[in-house]
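Line by line, the protein sequences give chains A and B. Going by this note's numbering, the first residue of the first sequence is number 123, and it counts up by one from there. Going by this note's numbering, the first residue of the second sequence is number 123, and it counts up by one from there. All remarks here apply to the structure that follows.
There are 2 protein chains.
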Amino acid sequence: MKQSSLYHRSLLFLSLITLGCYSANAQEKTTFLNAQESDPIKMGWMVGSPPPANRILRFEDGSFFQFPGMRWSVAHMREFMPTVNVSRGLGNSVLLQKNLLKDIDAVTFTPLGESKPMTWEESLQKTYADGVVIMHKGKIVYEKYMGALQEDGQHAAMSVTKSFTGTLGAMLVAEGLIDPAQNVAHYIPELKNSAFGDATVRQVLDMTTSLNFSEDYTNPNAEIWKFSAAGNPLPKPKDYTGPKSYYEYLPTVTKKGKHGEAFGYKTVNSDVLGWIIARVTKKHINEVLSERIWKKLGTEQDAYYSVDATGTPFAGGGLNFGLSDMARFGQLILDNGYANGQQILPKAAIDDIKKGGDKKAFEKAGYTLLKGWSYRDMWWITNNEHGAFCARGVHGQVIYVDPKAEMVIVRFASNPIAANGANDPFSLPAYHAIAKFLLAKK
Amino acid sequence: MKQSSLYHRSLLFLSLITLGCYSANAQEKTTFLNAQESDPIKMGWMVGSPPPANRILRFEDGSFFQFPGMRWSVAHMREFMPTVNVSRGLGNSVLLQKNLLKDIDAVTFTPLGESKPMTWEESLQKTYADGVVIMHKGKIVYEKYMGALQEDGQHAAMSVTKSFTGTLGAMLVAEGLIDPAQNVAHYIPELKNSAFGDATVRQVLDMTTSLNFSEDYTNPNAEIWKFSAAGNPLPKPKDYTGPKSYYEYLPTVTKKGKHGEAFGYKTVNSDVLGWIIARVTKKHINEVLSERIWKKLGTEQDAYYSVDATGTPFAGGGLNFGLSDMARFGQLILDNGYANGQQILPKAAIDDIKKGGDKKAFEKAGYTLLKGWSYRDMWWITNNEHGAFCARGVHGQVIYVDPKAEMVIVRFASNPIAANGANDPFSLPAYHAIAKFLLAKK
Numbered sequence: 123m124k125q126s127s128l129y130h131r132s133l134l135f136l137s138l139i140t141l142g143c144y145s146a147n148a149q150e151k152t153t154f155l156n157a158q159e160s161d162p163i164k165m166g167w168m169v170g171s172p173p174p175a176n177r178i179l180r181f182e183d184g185s186f187f188q189f190p191g192m193r194w195s196v197a198h199m200r201e202f203m204p205t206v207n208v209s210r211g212l213g214n215s216v217l218l219q220k221n222l223l224k225d226i227d228a229v230t231f232t233p234l235g236e237s238k239p240m241t242w243e244e245s246l247q248k249t250y251a252d253g254v255v256i257m258h259k260g261k262i263v264y265e266k267y268m269g270a271l272q273e274d275g276q277h278a279a280m281s282v283t284k285s286f287t288g289t290l291g292a293m294l295v296a297e298g299l300i301d302p303a304q305n306v307a308h309y310i311p312e313l314k315n316s317a318f319g320d321a322t323v324r325q326v327l328d329m330t331t332s333l334n335f336s337e338d339y340t341n342p343n344a345e346i347w348k349f350s351a352a353g354n355p356l357p358k359p360k361d362y363t364g365p366k367s368y369y370e371y372l373p374t375v376t377k378k379g380k381h382g383e384a385f386g387y388k389t390v391n392s393d394v395l396g397w398i399i400a401r402v403t404k405k406h407i408n409e410v411l412s413e414r415i416w417k418k419l420g421t422e423q424d425a426y427y428s429v430d431a432t433g434t435p436f437a438g439g440g441l442n443f444g445l446s447d448m449a450r451f452g453q454l455i456l457d458n459g460y461a462n463g464q465q466i467l468p469k470a471a472i473d474d475i476k477k478g479g480d481k482k483a484f485e486k487a488g489y490t491l492l493k494g495w496s497y498r499d500m501w502w503i504t505n506n507e508h509g510a511f512c513a514r515g516v517h518g519q520v521i522y523v524d525p526k527a528e529m530v531i532v533r534f535a536s537n538p539i540a541a542n543g544a545n546d547p548f549s550l551p552a553y554h555a556i557a558k559f560l561l562a563k564k
Numbered sequence: 123m124k125q126s127s128l129y130h131r132s133l134l135f136l137s138l139i140t141l142g143c144y145s146a147n148a149q150e151k152t153t154f155l156n157a158q159e160s161d162p163i164k165m166g167w168m169v170g171s172p173p174p175a176n177r178i179l180r181f182e183d184g185s186f187f188q189f190p191g192m193r194w195s196v197a198h199m200r201e202f203m204p205t206v207n208v209s210r211g212l213g214n215s216v217l218l219q220k221n222l223l224k225d226i227d228a229v230t231f232t233p234l235g236e237s238k239p240m241t242w243e244e245s246l247q248k249t250y251a252d253g254v255v256i257m258h259k260g261k262i263v264y265e266k267y268m269g270a271l272q273e274d275g276q277h278a279a280m281s282v283t284k285s286f287t288g289t290l291g292a293m294l295v296a297e298g299l300i301d302p303a304q305n306v307a308h309y310i311p312e313l314k315n316s317a318f319g320d321a322t323v324r325q326v327l328d329m330t331t332s333l334n335f336s337e338d339y340t341n342p343n344a345e346i347w348k349f350s351a352a353g354n355p356l357p358k359p360k361d362y363t364g365p366k367s368y369y370e371y372l373p374t375v376t377k378k379g380k381h382g383e384a385f386g387y388k389t390v391n392s393d394v395l396g397w398i399i400a401r402v403t404k405k406h407i408n409e410v411l412s413e414r415i416w417k418k419l420g421t422e423q424d425a426y427y428s429v430d431a432t433g434t435p436f437a438g439g440g441l442n443f444g445l446s447d448m449a450r451f452g453q454l455i456l457d458n459g460y461a462n463g464q465q466i467l468p469k470a471a472i473d474d475i476k477k478g479g480d481k482k483a484f485e486k487a488g489y490t491l492l493k494g495w496s497y498r499d500m501w502w503i504t505n506n507e508h509g510a511f512c513a514r515g516v517h518g519q520v521i522y523v524d525p526k527a528e529m530v531i532v533r534f535a536s537n538p539i540a541a542n543g544a545n546d547p548f549s550l551p552a553y554h555a556i557a558k559f560l561l562a563k564k
């Protein structure tokens with residue numbers, strides 16, 4: 123295989139991370155091994171000295187992100203690529219209290235588009251869950267580690283990363299460090315002549331920018347490939363002439379129509395926001411996340427970002443962390459930014475997220491399973507009867523916050539299908555059923 | 123630059139890690155910026171979004187390991203390459219007690235080969251120290267963070283890694299899992315036809331194997347380059363036909379003379395020992411270190427290893443950890459394997475290290491600054507009046523254990539000169555002076 127082909131294979135995961143939340147077209151018809159059959163521990167990936175040839179996963183040829191090996195890799199991302207820590211500091215972690223409810227597994231719901239009910243427990247298999255925690259009233263009521271995820275391991279958060287970037291953005295807005303009405307070029311002059319130049323920070327936060335940026339990875343000319351090539355930490359092929367980092371790529375994005383009219387889920391918005399955050403704080407986003415949230419939250423483990431060849435963290439999809447720390451973060455959002463006796467995030471930032479985005483703009487994006495939703499500060503707002511909102515990443519990563527039920531569900535997963543449309547029918551009604559179950563508990 | 127040249131530049135750090143402990147020839151005459159002038163924080167490496175072009179360090183072109191940028195990189199290794207965690211688990215760390223002694227900075231000693239005395243404080247500048255902790259009777263009596271090292275950061279341990287591999291080896295010997303009298307081929311049949319096939323495990327542990335393995339990196343045909351190429355995590359250049367991992371490389375090492383007669387400091391011995399450890403425990407060495415030591419030691423942070431393209435940790439030089447955890451490990455060795463109320467390492471393993479190796483075999487290696495020393499279980503034994511012994515890594519990494527003075531000195535450093543010969547004149551007499559100072563304290 124040619125060097126440049128190898129290089130492009132290794133990009134696959136970067137493009138998958140950035141895939142849109144739901145695309146009906148992405149509903150692949152391939153038959154995959156089910157969750158038990160593809161259990162990454164039973165399959166013995168990377169076990170042995172050396173592992174058998176057919177159990178070695180590599181970055182350079184993209185094998186590490188091909189199903190079913192991908193089920194192992196999502197819990198071992200930094201073994202394949204350079205990464206930068208989000209330090210938790212050195213203090214003790216704050217243990218989450220537990221009040222485990224055994225009957226959660228038996229809670230039933232009807233998957234979207236189906237008529238036969240399914241139990242919560244069955245849904246975990248269906249969605250290839252690697253780990254799930256349900257918090258209710260601040261306590262863990264359900265906890266399960268599956269797949270290749272260990273309690274002291276970290277899992278790829280994929281596009282859940284975007285909601286972290288958005289939360290930091292909303293935080294800096296609430297603090298007055300970022301003015302959402304300003305144009306992006308005000309903060310990042312390098313973006314003046316790009317599509318982002320005359321977009322407002324608010325449009326970036328809510329992804330209502332209008333960009334020539336296709337995330338259709340079946341099209342070899344799609345911009346997502348150029349973006350991924352720029353961000354790939356491997357040395358560029360010698361015939362490569364494009365941008366060599368995220369910061370070199372973003373100024374090349376061009377405009378398509380008018381900003382502010384329609385929701386368009388494009389990863390580059392998160393990277394532009396990450397850039398603004400880095401510029402105004404004069405720190406890399408991993409340091410900002412560490413200092414402002416991770417060190418204060420009582421987390422158990424450092425988190426980490428993948429980085430490009432110049433060390434820039436991938437603010438659009440590169441974050442990894444432990445399951446219980448994901449639960450801590452979800453609980454922080456549910457509790458309006460308050461945890462461990464301090465207001466870690468300004469309440470105004472959480473209020474701004476909960477307020478939701480422009481429903482009409484969202485509708486134009488055509489998510490058939492997400493009727494009535496909106497998008498705000500890089501969070502997905504369900505606008506359901508419980509006021510639930512969520513962070514969502516490909517292959518099934520989620521932080522689902524239900525204020526009315528005082529519930530947070532966090533899940534890591536490794537569904538062979540990237541698009542959330544594969545998991546949503548077995549997830550969204552399941553979350554709501556658990557919420558109602560918990561509300562009825564009293 | 124050609125792809126393959128880029129690839130070879132990126133190997134430089136791997137070969138530097140593996141450099142011998144001291145070589146008179148390696149005393150380069152180049153003039154370098156001194157420690158203050160090369161302060162990596164003042165120089166502003168990798169600061170900015172993006173950093174200025176002349177402040178960006180990259181893996182692919184080797185710039186990350188060129189002085190003075192290297193002073194930043196040693197505290198940020200995983201931002202340049204894939205790595206695997208050594209988990210500390212999720213429990214609370216065990217804080218080290220402090221009894222800081224202010225007068226240590228003023229302790230004087232006479233550098234080897236000089237007549238004018240120097241203070242301890244001055245020696246830290248001279249050796250480009252990035253962090254130093256001195257333990258006395260189990261308490262921190264001196265602690266300093268310099269360079270780019272943060273309290274919640276990790277620093278490259280370079281060949282100090284070997285002493286960790288050796289300690290695990292001695293542990294498994296004490297437990298009877300490894301028989302040091304057995305030939306290596308007994309455990310690793312793949313090595314039967316290599317130089318290691320008829321070497322005993324003891325000869326590997328004490329590096330008295332006789333190998334065709336030059337670590338002279340000024341010679342482009344030296345075996346160290348082939349070893350580094352095999353272990354480089356980057357995709358191999360398309361004209362590359364050699365071994366593609368550590369485990370593929372090691373069987374190619376050929377014999378040179380007779381084993382057991384002379385000490386020969388060759389990194390591949392540590393990688394062979396790492397392989398044996400992995401084979402008998404059926405785990406990767408990062409897991410062995412985690413389960414048997416790191417999780418029990420009350421460490422504050424996860425450690426990590428660099429890995430090759432197939433995920434094998436670099437047992438000869440790839441370990442990174444925090445300064446206080448390095449002190450915990452040194453104290454564990456001083457305390458004969460006992461810490462936190464439990465016998466973590468068998469006392470017999472520490473006894474075996476302290477017993478020292480064959481002085482005559484050591485003498486043949488010709489280390490002019492290390493007269494009377496020996497090498498055992500991948501530790502350097504001074505055989506001085508205090509029975510001191512140490513772990514040593516290029517650019518100035520050290521764990522110095524002085525049983526008589528009940529003292530441990532740990533140091534991370536980034537001396538522009540790799541070989542320990544550059545630091546030894548300002549280090550070895552300094553350690554002994556501190557030991558005598560502490561002994562006199564009572």
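Every residue gets a Cβ at the ideal spot worked out from N, C-alpha and C, and that includes glycine.
How long is the line joining the alpha carbons of residue i and residue j, rounded to whole angstroms?
i	j	result
Gln149(B)	Tyr371(B)	Note on Gln149(B): pLDDT 46, under 50, position unreliable in the model; the coordinate value appears next. If I take the Cα positions, the gap works out to 29 Å.
His258(B)	Val530(B)	7 Å
Ala384(A)	Trp495(A)	13 Å
Ser446(A)	Glu422(A)	8 Å
Met280(B)	Gly439(A)	32 Å
Asn343(A)	Phe349(A)	11 Å
Gln158(A)	Ser428(A)	29 Å
Asn147(B)	Ala437(B)	In this prediction, Asn147(B) has a pLDDT of 41, which is less than 50 and means its spatial position is unreliable; nothing more can be read from the coordinates.
Ala487(B)	Gly364(B)	30 Å
Asn505(B)	Val523(B)	12 Å
Arg193(A)	Gly452(A)	24 Å
Would a C-beta distance cut-off of 8 Å place residue i and residue j closer than the cut-off?
i	j	result
Ala527(B)	Leu550(B)	no
Leu467(A)	Gly459(A)	yes
Lys378(B)	Leu333(B)	yes
Val196(A)	His277(A)	yes
Ala270(A)	Ile163(A)	yes
Met240(B)	Phe559(B)	no
Leu395(A)	Val295(A)	no
Leu313(A)	Pro373(A)	yes
Starting from the beta carbon of residue i, find every residue of chain B whose beta carbon is closer than 9 Å, and list them in chain order.
i	result
Ala274(A)	Note that residue 274(A) corresponds to Asp in the displayed sequence, not to Ala. Here the neighbours are Asn207, Ser209, Arg210, Gly211, Leu212, Ser412, Lys417, Asp424.
Phe181(A)	Pro204, Pro355, Pro357, Ala431
Ile300(A)	Simply none; closest approach about 14 Å.
Arg200(A)	Arg200, Pro204, Thr205, Val206, Asn207, Tyr426
Tyr369(A)	Ser171, Pro172
Identify whether residue i lies in helix, strand or coil by the three-state DSSP scheme.
i	result
Trp502(B)	strand
Phe231(B)	strand
Asn348(A)	It is Lys, not Asn, that sits at residue 348(A) in the sequence shown. Helix at Lys348(A).
Asp546(B)	helix
Tyr264(B)	strand
Ser285(B)	helix
Leu246(B)	helix
For residue i, which residues in chain B fall below 8 Å Cβ to Cβ?
i	result
Trp397(A)	Ser171
Would you say residue i reaches chain C, if we count a Cβ-Cβ gap shorter than 8 Å as a contact?
i	result
Ala400(B)	Any reference to chain C falls outside this structure, whose protein chains are A and B.
Can you list the residues of chain B that residue i reaches, using a CB-CB cut of under 7 Å?
i	result
Pro496(A)	A small fix is needed here, since residue 496(A) is Ser in this sequence, not Pro. What Ser496(A) touches in chain B: nothing, since even the nearest Cβ is about 30 Å away.
Met268(A)	Ordered by position in chain B, no residue passes the 7 Å Cβ test against Met268(A), which lies about 18 Å from the chain.
Contiguous beta strand (DSSP E) assignments of at least 3 residues, all confined to the segment 390-473 of chain B: 425-428, 441-443
Could you pull out every unbroken alpha helix (DSSP H) segment of at least 4 residues lying fully inside the segment 283-326 of chain A, listed in chain order? 306-309
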